Amino acid sequence: MILVLGGIALLCGMLIVMADELSRPYAAANRRQATETLARRVVPASAATIRPYVLAGGQLLADTAPDRQGQRLLAAYDAQGKLVGIAAEAAARGYAGQVQLVYGYDPARETITGFAVVRMAETPGLGDKILSDKGFLANFPGLDARLSADGRALAHPIVTVGHGKKTAPWQIDAICGATVTSRAVGTALNQGAGSLLPSLRPHLATLAKDRP
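Residues in the sequence shown are numbered consecutively from 1, following the UniProt record's numbering.
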């Protein structure tokens, strides 16, 4: 009986591993497609083509391999092949778990142009107001994400402030009653943009020339 049970357990384990390995490429492809769909919501409406890239080891590479390590981003081009925006993922801890976002960045104006939620588990009617509250959404698309003079960090950290206390273009006016989730958005954008943009700046000219 022990041998039979052990054999069944071993077989089940092997099947689980095989199923995971076989389904991983499809899951990665579905995630990439979903991210691209969300990216189109946060880049200018004029975007006609979106290309995936990855920053790895100081190099900008076409993102053709789902297991390639590095910072992933999506470059958006209009019908004339002009670079009109960048989209990337970011995440931070909210009230009930991770708030995962895709945000847009305008390299010409150096501003965050908006965000879309990939996944979150915030309280319905409270935390999910980040998707519908007009006052909160008014923080975009002009959220300041300029880099410092040396290009190594954001000139001003993106921060979420109390409702009605916004005084600077790099601040996010929080939603009354959903402050924790509002702060999660600010933290995610600050960490995401603060990590990506300094590495991306030297490659913006390459992206601009890499017309579809």
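Think of the CB as a built atom: it goes at the ideal place given N, C-alpha and C, for glycine as much as any other residue.
Just so we're clear, the structure is a prediction, and the values are computed from it rather than from any experiment.
With respect to the C-alpha of Thr187, the residue from Pro157, Arg68 and His163 having the closest C-alpha is Pro157. When the five nearest sequence neighbours on each side are left out, the beta carbons in the same chain lying within less than 6 Å of the beta carbon of Ala178 are those of Leu126, Gly127 and Lys129, in order along the chain.
Contact annotation, Ala121 with Asp78: C-beta distance approximately 36 Å; criterion of less than 8 Å not satisfied.
For Thr206, the enclosing alpha helix (DSSP H) starts and ends at Leu204 to Lys209. Excluding sequence positions up to five before and after Trp170, its CB lies within less than 6 Å of the CB of Asp144, His156 and Ile158, all in the same chain and listed in chain order. Cα atoms of Thr167 and Gly81: separation of roughly 37 Å, rounded to the nearest angstrom. With a 10 Å radius around the Cβ and a threshold of 16 neighbouring Cβ atoms, Ile16 comes out exposed. The DSSP-derived three-state label of Leu126 is coil. Counting along the chain, Thr179 sits inside the alpha helix (DSSP H) bounded by residues Thr179 to Leu200. Exclusion of the five residues before and after Leu74 leaves Ala39, Ile50, Pro52 and Ala87 as the residues of its chain whose Cβ lies within less than 6 Å of its Cβ.
The criterion of a C-beta distance shorter than 8 Å is not satisfied by Ala138 and Val42.
Residue nearest to Arg152 within the set Ile112, Gly194 and Leu3 is Gly194 (criterion: CA-CA distance). Val99 sits close to Thr181, with the two beta carbons spaced by under 8 Å. Counted as a single uninterrupted DSSP element, the alpha helix (DSSP H) harbouring Phe136 occupies residues Lys134 to Leu137. Residue state for Glu110 is assigned as coil, using DSSP reduced to three classes. Excluding sequence positions up to five before and after Ala208, its CB lies within less than 7 Å of the CB of Leu83, all in the same chain and listed in chain order.
By the criterion of a C-beta distance shorter than 6 Å, Asp133 is surrounded in its chain by Ile175, once the five residues flanking it on both sides are discounted. Secondary structure at Arg41: helix, using DSSP grouped into helix, strand and coil.
Runs of the beta strand (DSSP E) spanning 3 or more residues and lying entirely within the stretch 72-96 occur at 83-93, in chain order.
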